[in-house]
Amino acid sequence: MARGGNVAGDPLLLARAQKIRALILDVDGVLTDGRLYYTRQGESVKVFFSRDGFALKLAQNAGIRVGILSGRGGAVLRRRLHDLGVDPELVVEESRDKAGDFARLCQKLTLDLPQVAYMGDDIPDLPVFSLAGLALAPADAPEEVRARAHVVVPAPGGRGAVREAVVFLLKAQGIWDEVLRSWERRV
Numbered sequence: 058m059a060r061g062g063n064v065a066g067d068p069l070l071l072a073r074a075q076k077i078r079a080l081i082l083d084v085d086g087v088l089t090d091g092r093l094y095y096t097r098q099g100e101s102v103k104v105f106f107s108r109d110g111f112a113l114k115l116a117q118n119a120g121i122r123v124g125i126l127s128g129r130g131g132a133v134l135r136r137r138l139h140d141l142g143v144d145p146e147l148v149v150e151e152s153r154d155k156a157g158d159f160a161r162l163c164q165k166l167t168l169d170l171p172q173v174a175y176m177g178d179d180i181p182d183l184p185v186f187s188l189a190g191l192a193l194a195p196a197d198a199p200e201e202v203r204a205r206a207h208v209v210v211p212a213p214g215g216r217g218a219v220r221e222a223v224v225f226l227l228k229a230q231g232i233w234d235e236v237l238r239s240w241e242r243r244v
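Start counting the sequence shown at 58; every next residue gets the next number (this note's numbering).
#1: Along the alpha helix (DSSP H) that carries Val223, what are the first and last residues, could you check?
#2: Between Leu82 and Ile125, which are expected to be in contact by the criterion C-beta below 8 Å, what is the C-beta distance as a whole number of angstroms?
#3: Is Arg216 near the ligand ATP, judged by its Cβ being under 7 Å from some heavy atom?
#4: Per DSSP, Gly124 forms a beta bridge with which residues?
#5: With the cut-off set at 8 Å, would you say Leu80 and Ala194 are in Cβ contact?
#6: Measure the beta-carbon distance from Ala189 to Leu162 and round it to whole angstroms, keeping in mind my assumption that it falls under 8 Å.
#7: Suppose only complete runs of 4+ residues qualify. What are the alpha helix (DSSP H) ranges in the region 109–160, listed by chain order?
#8: Whole angstroms is fine: what's the gap from Leu227's alpha carbon to Tyr95's?
#9: Could you name the residues that DSSP lists as bridge partners for Ser107?
#10: Using the rule of at least 16 other Cβ atoms within 10 Å of the residue's Cβ for burial, across every protein chain shown, is Pro68 buried or exposed?
#11: Measure the C-alpha to C-alpha separation of Glu200 and Asn118 and round it to an integer number of angstroms.
#12: Taking Ile87 and Met176 to be in contact with their CB atoms under 8 Å, please state how far apart those CB atoms are, rounded to whole angstroms.
#13: Find the nearest neighbour of Trp240 within the set Val208, Ala218, Ala112, judged by alpha-carbon distance.
#14: Beta carbon of Glu151, beta carbon of Arg137: below 8 Å?
#15: Compute the beta-carbon to beta-carbon distance between Arg216 and Phe186, rounded to the nearest angstrom, for a pair I have assumed lies under 8 Å.
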């Protein structure tokens with residue numbers, strides 16, 4: 058397991074990361090901080106971190122496809138994913154079989170398991186960790202989850218964990234510097 062997403066000293070981890078062509082994410086505790094908010098009317102509210110969303114756009118622009126695999130769902134999530142341009146065909150809400158749903162997402166992507174990374178934050182994500190080409194966890198995931206992840210990023214869920222995961226992948230694939238240069242040229 059690499060802490061902080063450092064692959065420099067781990068050629069096997071680097072090889073895993075270089076194969077990745079898609080990133081599948083859990084939502085609560087990964088794209089959000091895991092807290093559940095409800096309005097007085099009983100409607101669910103989720104808080105998303107803009108840097109995580111921007112990173113997903115960077116990943117998509119770099120050719121890494123993005124999907125969602127969540128045990129929960131709802132209109133708020135669908136709105137955010139629409140805003141980010143995530144293909145609705147690559148979104149699974151209310152999953153009760155994350156491993157099976159992950160395998161089905163890989164089939165939809167026409168990718169082999171080693172080509173797909175997964176980021177999760179809790180025990181229901183562990184079956185997917187054993188299938189994914191690269192298993193990532195946020196810094197605030199429980200120890201049992203961090204211990205089984207290939208990479209634990211330094212940021213907590215909902216506060217930059219997804220951004221750190223994307224930067225890790227783009228650096229491992231040798232395209233991070235080009236991504237930065239492309240933004241510098243926009244000035």
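Note that the Cβ used here is the ideal one computed from N, Cα and C, for glycine as well.
Let me spell this out:
#1: 218–229
#2: 6 Å
#3: Ligands are entirely absent from the displayed structure, and the ligand ATP is therefore not among its contents.
#4: Ile81
#5: no
#6: Between Leu162 and Ala189 the Cβ distance is about 11 Å, and since that is not below 8 Å, they are no contact.
#7: 132–141
#8: 36 Å
#9: Partner(s): none; Ser107 has no beta bridge.
#10: exposed
#11: 33 Å
#12: Correcting the residue identity first, residue 87 is Val in this sequence and not Ile. With a Cβ gap of about 5 Å, Val87 and Met176 count as contacting.
#13: Ala112
#14: no
#15: Not a contact, Cβ separation roughly 21 Å.
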